[in-house]
Structures are given as structure tokens and as C-alpha cells.
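Participant: Here it is, the structure in full.
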Amino acid sequence: GQPGKPYCKRLVLNGAQGRDTGFYRCSYKDRKAIDGTTAVGVYVFVRDPTQPFLIRGNASHGLQTIFITRSTTHVTVPCLVTVPDLNVTLFSYPTSLEMSGITW
């Protein structure tokens, strides 16, 4: 810390890129993390036209797997981007996608 501010810290992302987009959380090392008291979180969005799509987790060949564990009428397919006004299209791989029943 600094004199008079022993617990003040800051998050610095040098040379931030799209892949740095995400939720960051700071908390005291030896205390239970309670938002607003002993912890604080912030979502950082980095606009990056050179890397417009974010891939989370273990993605093979740029593909992510979504496991559906029960029958449902609604499935959310994440399409994380670093350019919010990017026009994207959803495709089924490797076959074509049946468009009936899909809400955009």
C-alpha cells in the first residue's frame, strides 16, 4: 500500500487485448471475500477488432462444446465478441443449421 492508504490497490492491464476481456476480482488475502466489504469485482471489456471473437476454456480448432444435460426448449449459445456492433451469424458444424424455431 501507500502511506495513509495501506489497502489501496489497482488493476493495471498493460497492452490489453481482447483476450483480457472478463471479470476480475480483488479481495483480501486472509479474509472471506464479501463483495463491497472485503472484495470488489469489475468487468473489463477490451475492444479489439484484430481479435473479434473470444474463446473461453479448452477450445479445439476454434470450436467450443456446449453440453446439454436435459431436454429444454431454450439453449443459450455464447458468442463472445470484442466488437459489440459486429454482425455475426450462427452456423451448425459440420452440417447446415435448421433455422425454424431459432430466435435471434
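Numbering (the numbering used here), first residue to last: 11 to 114.
All residues carry an ideal CB built from backbone N, CA and C; glycine is no exception.
1. Below 8 Å, how does it come out for the region 20–38 and the region 56–68: are there three or more Cβ pairs, yes or no?
2. Considering just the uninterrupted stretch of the beta strand (DSSP E) at residue 35, what are its terminal residues?
3. Considering just the uninterrupted stretch of the beta strand (DSSP E) at residue 46, what are its terminal residues?
4. Could you check what DSSP says for residue 25 in three-state terms: helix, strand or coil?
5. May I have the straight-line CA-CA distance separating residue 36 from residue 89, to the nearest angstrom?
6. Can you pull the DSSP bridge partners for residue 63?
7. So is residue 92 buried or exposed if we call it buried at 16+ other beta carbons inside 10 Å?
8. Starting from the C-beta of residue 52, find all residues in its chain whose C-beta is less than 6 Å away, skip the five residues before and the five after it, and write them out in chain order.
Facilitator: Reading it off the structure:
1. Verdict: yes, contact present.
2. Against the sequence shown, residue 35 aligns to sequence position 25. Per DSSP, residue 35 belongs to the beta strand (DSSP E) from 32–37.
3. Position 36 of the sequence shown, counting from 1, holds the residue named residue 46. Counting along the chain, residue 46 sits inside no beta strand (DSSP E), nor does DSSP assign it H or E at all.
4. To locate residue 25, count along the sequence shown from 1; it is residue 15. The answer is coil: DSSP assigns residue 25 none of H, G, I, E or B.
5. Within the sequence shown, numbered from 1, the residue matching residue 36 stands at position 26. Within the sequence shown, numbered from 1, the residue matching residue 89 stands at position 79. Between residue 36 and residue 89, the alpha-carbon positions lie close to 27 Å from each other.
6. As a working mapping, residue 63 is identified with position 53 in the sequence shown. For residue 63, which the question treats as bridged, DSSP gives the partners 91.
7. Counted from its first residue, the sequence shown places residue 92 at position 82. Of the other Cβ atoms in all chains shown, 16 or more fall within 10 Å of the Cβ of residue 92; this residue is therefore buried.
8. As a position in the sequence shown, residue 52 is number 42, starting the count at 1. Excluding sequence neighbours, residue 52 sits near 34.
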